[in-house]
Every structure is written in C-alpha cells, then in structure tokens.
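One line per chain: the protein sequences are Y and R, in this order.
Counting from 519, one number per residue, gives the positions in the first sequence under the numbering used here.
Counting from 519, one number per residue, gives the positions in the second sequence under the numbering used here.
Cβ coordinates follow ideal geometry from the N, Cα and C atoms, glycine included.
Number of protein chains: 2
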Amino acid sequence: MSKLVASIREAIEKCELRDGMTISFHHHMRNGDYVLNMVLEEIAKMGIKNLTVNASSIFDIHEPIIGHIQNGVVTGLECNYMGAKVGKAISEGVLEKPVIFRSHGGRASDMEKGTSVIDVAFIAAPTADDMGNCTGKLGPSACGSIGYAFADAMNAKKVVVVTDNLVPYPLVGFSIPEVYVDYVVTVDQIGNPAGIVSGTTKITRDPVGLRMANYTAQVIEASGLLRDGFSFQTGAGGATLATAQYVKEKMLAKGIKGSYGMGGITGYMVDMLNEGCFQALLDVQCFDLKAVESIRTNPKHMEVSATQYAGVSGKSAGVDNLDVVLLGATQVDLDFNVNVHTDSNGYIMGGSGGHCDTAAGAKLAIIIAPLTRARLPLVVDRCLCISTPGKTVDVVVTQRGIAVNTKYGKNAELKEKLKAAKLPVVEIEDLKQKAEELAGVPKPVQLGQKVVANVLYRDGTLLDVIHAVR
Amino acid sequence: MSKLVASIREAIEKCELRDGMTISFHHHMRNGDYVLNMVLEEIAKMGIKNLTVNASSIFDIHEPIIGHIQNGVVTGLECNYMGAKVGKAISEGVLEKPVIFRSHGGRASDMEKGTSVIDVAFIAAPTADDMGNCTGKLGPSACGSIGYAFADAMNAKKVVVVTDNLVPYPLVGFSIPEVYVDYVVTVDQIGNPAGIVSGTTKITRDPVGLRMANYTAQVIEASGLLRDGFSFQTGAGGATLATAQYVKEKMLAKGIKGSYGMGGITGYMVDMLNEGCFQALLDVQCFDLKAVESIRTNPKHMEVSATQYAGVSGKSAGVDNLDVVLLGATQVDLDFNVNVHTDSNGYIMGGSGGHCDTAAGAKLAIIIAPLTRARLPLVVDRCLCISTPGKTVDVVVTQRGIAVNTKYGKNAELKEKLKAAKLPVVEIEDLKQKAEELAGVPKPVQLGQKVVANVLYRDGTLLDVIHAVR
C-alpha cells in the first residue's frame, strides 16, 4: 500500500477538487515557500475556479496569487498574516470578497470547531514517507517545526503531503502521522530554506532600537516576573531580539532558571535554552536555520501545534501560562488597541499571527515600537485596524517613554513598580503628543468604502474590518 | 494557571461524573495497574452507580471490579482483552448486560467515529506536568508507549491525568499534549512496573514450542516475504518469540534489512532493531522493561497511537503495510476462524487485542498454537467464539503440521511454496483429526442461553456473541 501519486495534478484530481472549494497551506517555508504557487499554478491550468485559499500566512513570494485572483481562480482568501506585496493589491481592491484574517490560534481553533472547513490541505513537508508520515526537521528543505500544519492535517477532508525528500516507510521522527494523510507527491523542491529567515531576525544596532530594548528589559525586571519559572515569547524584530539579549544577561547574572520560551523561535531563543535560561522551548515555527538545527537535535526544543501554542479550542494552550510577550505595532491608539495589519496609510502589510493570542494569554504583554515611522506617529486617536484589543495590552515602550495601560482596571501596581525603577513612565496621551511634536499631526487617512478584510479575533468573532485605500 | 486538583475525588467531582456515564482507562501498566481500581473505589465511596467502564484491557489485578459490578457501581463493561479472573465471573453471568469486546484498532476508531462515547477518561501517566502534558517514557512507573490512551484523551468529554511523577511545566518529551487534558491529580503510585511484564515474554524452551517456531520461521522464509523492507509483528507468547529469534538469525545471516517491527513490543524486537533487522519500531504498548528503556532512548523506537497502529478511522494504519504477523489461538475451526476470547470450555480468558486488526492488515497472518491444550484439541468444527474471521487468516502452524488457508480463493501459491520447502503441509481437517487422535473427540461444550459478551469487529459491526457457561 502506498499513497504516492505521480504529480500535483494527480493529487488534485484524486482529491476531486472542484470549483468553489477551500484549499489550505501552511507557511513554515515562509518567504522561501514554493508549494502554494506550484499548486495554484496547476489548479489554474486545470481550469478550476472560484477557490478559497486559506494559507496560514501569505509572503511576498506568493505574489503570483494576485494573478490567480484576477483570473477568477482564487475568489476567497483567508490568512493570519499577509506581506506587503499581496497586501497592497488587496488594499487596492483586487479581491471582491473581503479577506478573512485570523490569529494563529484562532485559525487552528476555527478548523477544530468546524467554523473553518478545508476541503483539501496541501502540506509542504521537508521529509515524508509514502504513507504520509512527515516532518519539517529533516531533509534539504528542512524548516523545523510544522506546527501550523497540524490543524490542517487533522481537520481537512483531504490531505496532500508535498515533499522533496521521500524516505522509506516508516519515517523515523514523524511529526504528522499517516492517519491524516490521503496522498503523497514528490516535487523537485518545496522551497528555498534561505527564505525561512525573516528579514528582521538580527539584533538591532540602531541606537533607538537599543534604547527601547534597554527600557523593555528593565520593565520586565521591574515587573517582578523575571524569576525562576519565567516564561517568555519574543518576535523576530531587531528591538525585541535586543531585549531578549538583555533579558538573557540579567537571567544569567542572577542565576534565574526560566520555564519556557515560546513562539516563532529564533537562534537567540536557542542560545537562551542552551545557556540554561529555559528548561524547554515550545516551537510552532522556526524563524531561522539555527532554530531548525536546534529542534532537530535538542529534545528540549519541542514542536507544538498551533492549538497547543495559542488556540482556544483545546483545554489549554502555551499562551495561557506565558509571563511576558514582546510584540510590535504599526499603530497604538489611546485605548491601547494595536494595529499590526496595516501601515499608517492603511495598506495591509502584516497580520496578527500570534499577536492577539499571546497578548490575551500573557501576564505582561509589551508593545515595543519607535514613536514615529516614516514621519508618521505611532500613537493615534484610533487605529486604522484593531488587530489586538487594548484590554489585553499592558505596556507600550517607545524610545521616548513608556505608557502603562491602566485603562481597564489593571496594572496600577505595575505602573508604580516601573516608576519606582525610575523608568520614564508617561501616559499614552503624552506619547501621542511627543510623536506629533516629532512628526507633526498627520493628515487623517482617507480610506475607501469597500471592506477588503474582516479581522476575526481568536475566538472567531469579528474584531474589526479593513477598508480599501483610495 | 494549573489543572492540578487535590485528589481523585475532586477530579471526579469537577468532571461532574454522574450515574449512567461511561468512563475509560488504558492498560499500559498491564497487570501492574493501580489506577482503575483506585478510581472505581473512589467512585463507589461517592455513591455513583450504573457506570460503564471502557478499559482497553482488563487484567487479573482488576479483580475488584467484580465487587463493583455486584454492587451496581459498574453495570456496563467494554474492553479489548479480559484476563481469566474477571473473565470467569463474566462467563458465569455476574454482569447483566453483555460485555462489549472490541479490537485495539476498533476501540480507538469507534471513539473517533463517535459510536463509542466516553464521558470521563482517566489516563495513568508515569510522568506529567500540571497542565496535563504527559508521557509513559519517564518516571518511576514508566511503561513506555501510552499509545492506547491517545484516543481516550482526544475524544473523551473530560480527561483526567493521574500521575505519580509530577514535573515542572512544560514536560520535555510529552506524548499527549495539554490541549486534551482537563485535570491532573497526583497519587503515591499509579502502578507497579514489574506488572507490565506479561507472563509470556520469554522464549519457550518447550520442544513443542520450538518445533512450531522452527516451522513458522520456515513458513515466513518460504513465503518470499523475508526480503529487504520486511515488516513484522509478534506477540509475547513463548513460541512466537522463539520464531522471532529464528527470523532474526535468518535476517542477519542473509543481510536482510527490514522495514519495521510493530505491536506490543518486547525486548526481542528491540534486539532486532538494534542489530539492524529493522529501521524502526512502531510501538503501541511495551510488553517488558527492556522495551520501555528502548522507547525512552532510541528515536527509531517510536510511539504510535492505537489509530496509527491498527485503526480503521484514520486514512491508513501500520497494519495496512504489515508483511507478517504471528498470532495465537485457543481454537481454530475448519473455516479458519480463530478464537482468542474463550478457552475450550467457553470461559472468557482473553480477547482480540490487535489480533483481528493485524490479521486483516498483514499479507501473511500466521496462527501458531499447539495441537492440543489441557487434553482438548485446537481445531474444532466451529469456534466457541469467532475473534478473527477465517478469511483474514492465512496459515495455521502446529507441531504436527501446517494448514494453509485456501478456502477463500487465496494462498494457492503460498501452499505450493511451503510444499516445495518440504514443510509438513496438511489440510485443516487433518489437523483436527490428529488433535482428536491425541486428545480424543471432545464432548460438545454446553453453554447457557445468556449472552455475556458481544464481540465487535474492528469496523464496529457485530462479529459474534459469547454465551454464559453452565
């Protein structure tokens, strides 16, 4: 018995993919992924139309999807993150139906709850056997964790594993077991591992970034959470990585033994694991090749599914026990709502990913962002898009001051602790004023009537909408 | 956040267990398991009645369940295997409702299909953290694989992890993730690991057993299946282990590189892995402590769920690619049906386990059994219970001859191959006659009218019933 088929086309045919169905993809190959484009190209050739694509993230490499939208092959798009290239086209109205944005936890949970139905899932698998057991840890295109693909595999009606490294059955060290897989197809290359590395996985050398990082590390220390058992998530931005570096130094200096690091994992978190700052890493995706190497070789570096990372459909998730998460923002408003979906001009260039999931779960959710970007202020009256509700955000750190969110009946004690630590605590309104002093009061952004995206919260409810640019 | 509760009673209360519900247990602690008895004792004290117990297997250590049946605490019993002590009581009619017997694959699949609904699952976990991540590989009561517990964890409405080795969150090397677990409770001891070792995990020295093993190894060789890529399951019986030894010698002598060994795993299969006969083991339960040590330390020795091992609800299972399985029997009838549920007098003392699953999946399902037991013949006109349908059985090996099953339009070629290898091929009717020459023609067994058990096939359909003894 074997599930091997000769081509992507044969897999699509055997899955009986038809007009109007929904197909899904995961994004662990990140900007190096070839599978989404390959599959859509084949589908286009086959004349199938009116598909919805649910991809955990859309990167710039997926720009060809714009053509498929224009040709009617793709008429629905759902994702947790969208890079600027496709984002621009969406913001300009290329797609008739609104995009559905979810969070990483929400996407998996909506599949598990049955509110997001996938007809055919395509799993880009760096190594697989002919029955569909597969892993991201091995093979020439190794990407490490394939945590976002678990929900697709477990819930889609049909599942196709696409691999460029077929090994004899049974694959030793499978992540996704054969029980979920219908067909296996081999291709020359599922992607370019060099594209896994996001553009922002180096510690910043910019003095503004370093100052923010320094403040943030002090906020964490002053909060009292930096003690044995500390759990921590960073993103891959330069300032958050610099913060991680400072936090590591504090932990090592004081002999603090943390519990776990989580999230998209970078080599910096791997260093913290190896230097004893954490007992484990919970890894839903690898942000660089050092993380890929670590998850392959270190049992303490564990792959987790999106549900286990951040979902609401399971009985708990890693985010529920998180102490501190460091997050970015393009805009923060006076209610501490955060926008990570659009830039300040309203163009889509991001998405929640795990932003709102971790903010909701963490004891201390810290936004780190420079006070202005491209001469536009960070802090505004009302975000163009609410990606993460203000009530789940605790602190905003900028290079010119730190605002503690006491607007929802919490964090009064934290605010006093930060003041006592002589940190530059200000009000969010002060940050807005400072930003406007630097950058001027921005002209109100004029957006179109058309709704180009619906932003769902992690529980599946509508959080906000995104309007077309004019 | 923590899921830790103070006692089994508190866990039961929080799960809102009520009269008439169904609770489940897995059997990896085998005859050393304390958890089933502990939980039932607490439930009895709480005055809850009329429960159905779905335990993957019932061993002699679970004898106290008889008292709970007599007291009305337990009024339904479902399992895949039942040891002789409880089996005797059931055969004598202690339980009003028929027991439901399933196979290991069928039990998991019935849960996944929703035809077997579990209200509260109790997972005996040799190591766990306070959020319910757990494993059988670590801890003082390590049992290795907990593959049968996956379906319970994933499908029960409420899941309680019972452990005697609580470790800091997050447990490194979890098997079952926290997403499925509601409560965690610690007890002094979940069981006695010495009880994991089944009574029959030593190679036989009995000349009859050795002769059968020798024949069986020759059958495997003559079948042509003993080539590179060979996959193999043995049980833990003395003659099957001796066969494994002979097969190993043949593989090593010829330099044959097998694919996988599967099943309940013994130290003998571990040796075969370590000596290069297999590239991997797929382990749904460990039969001895050498297997426990191996699954903890050797990545090639992999834990699989019951669904991945033998289910019909997944898109494939390990049994689907199995070349050869060695199985036992208490009775074989002239249609090659096999009984492993009752002895020749009709007393329940076993069950399918993976018997019918592997027979259905394997290319070559071999029954190994002595021609007589306790002066009763193996081969009978009609089995007292059909545990495995004859159409899935290929060969019956006894010390006095080998019967090839050609009754269902298959195995003609195999029969010729065995004859060409000068093996003592006879008809099943010949085996019956020889057995009766040795043991005499048995008196027909007189059973009662009452049905004490329904035997379900792996697909959930009724395969046979078991009548009470008189």
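Around Ala835 (chain R), the beta-carbon contacts reaching into chain Y at under 8 Å are Glu696, Val697. The C-beta distance from His580 (chain Y) to Val617 (chain Y) rounds to 13 Å, too long to meet the 8 Å contact threshold. Three or more beta-carbon pairs separated by less than 8 Å are not found between the region 550-560 of chain Y and the region 690-697 of chain Y, which leaves the two stretches without contact. Secondary structure remark: continuous alpha helix (DSSP H) runs of at least 4 residues inside the region 612-655 of chain Y, in chain order: 622-631.
In the DSSP assignment, Ser542 (chain Y) falls within the unbroken beta strand (DSSP E) covering 540-543. In the structure shown, Leu844 (chain R) falls within a strand segment according to DSSP collapsed to helix, strand and coil.
Counting the other Cβ atoms within 10 Å of the Cβ of Ser520 (chain Y) gives fewer than 16, which makes it exposed. Gly550 (chain Y) sits close to Gly709 (chain Y), with the two beta carbons spaced by under 7 Å. For Asn816 (chain R), not one C-beta of chain Y is nearer than 7 Å to its own C-beta. Taken through DSSP and simplified to helix, strand or coil, Tyr698 (chain Y) comes out as helix. Judged by DSSP in its simplified three-state form, Pro895 (chain R) adopts strand. Beyond the five residues adjoining it in sequence on each side, Glu614 (chain R) comes within less than 8 Å, by CB distance, of Thr593 in the same chain, given in chain order.
Three or more Cβ pairs drawn from the region 940-947 of chain R and the region 918-925 of chain R lie within less than 8 Å of each other, which places the two stretches in contact.
For a cut-off of 8 Å, the C-beta gap from Ser777 (chain Y) to Ser749 (chain Y) is around 5 Å, short enough to register as a contact. Judged by pairs of C-beta atoms under 8 Å, the region 525-540 of chain Y touches the region 698-712 of chain Y, as three or more such pairs exist. DSSP, read as helix, strand or coil, puts Val963 (chain R) in coil. Within the same chain, Ala529, Lys532, Tyr701, Val702, Val703 come within 8 Å of Val523 (chain Y) by CB-CB distance, once the 5 residues on both sides are set aside. By the criterion of a C-beta distance shorter than 7 Å, Ala607 (chain Y) is surrounded in its chain by Ile584, once the five residues flanking it on both sides are discounted. By alpha-carbon distance to Ile738 (chain Y), the top candidate from Y:Thr979, Y:Asp682, Y:Ala828, Y:Val842 is Y:Val842. The region 772-789 of chain Y makes contact with the region 799-808 of chain Y, as at least three CB pairs between them are under 8 Å.
As DSSP reads the structure, Ala883 (chain Y) sits in a beta bridge with Y:Val843. A direct Cα-to-Cα measurement between Gly753 (chain R) and Ser812 (chain Y) gives close to 38 Å.
With fewer than 16 other beta carbons inside 10 angstroms of its own, Gln967 (chain R) counts as exposed. In the structure shown, Gln826 (chain R) adopts helical secondary structure according to DSSP, grouped into three states.
With contacts defined as CB atoms closer than 7 Å, Asn598 (chain R) and Gly829 (chain R) fail to qualify as a contacting pair. Of the residues R:Leu744, R:Asp806, R:Ile641, the one whose Cα lies closest to the Cα of Leu770 (chain R) is R:Leu744. Residues are counted here when their Cβ sits less than 9 Å from a Cβ of chain R; for the region 836-847 of chain Y these are Gly836, Asp838, Asn839, given in chain order.
Listed by position along chain R, the residues whose Cβ is nearer than 9 Å to that of Thr825 (chain Y) are Pro695, Val697. At the C-beta level, Met787 (chain Y) and Lys766 (chain Y) stay beyond 7 Å of one another.
Chain Y places a beta carbon closer than 7 Å to that of Asp700 (chain R), counting this residue as a contact. Comparing alpha carbon positions, the residue from R:Asp537, R:Tyr552, R:Lys808 closest to Thr681 (chain R) is R:Tyr552. Interface flag for Val703 (chain Y) against chain R is unset, since no Cβ pair is found closer than 7 Å. Cβ contact annotation for Val679 (chain R) (same chain, cutoff 6 Å, sequence separation greater than five): Ile641, Ala643, Ala646, Gly650, Cys652, Val699, Val702, in chain order. Taking the C-beta atoms as reference points, Asn572 (chain R) is found no nearer than 7 Å to Glu534 (chain R). With the criterion set as a beta carbon lying under 8 Å from some beta carbon of chain R, the members of the region 640-657 of chain Y are Met649, Gly650, in sequence order. Distances from the CA of Val898 (chain Y) to each of Y:Ile885, Y:Thr979, Y:Ile946 were compared; the closest alpha carbon is that of Y:Ile946.
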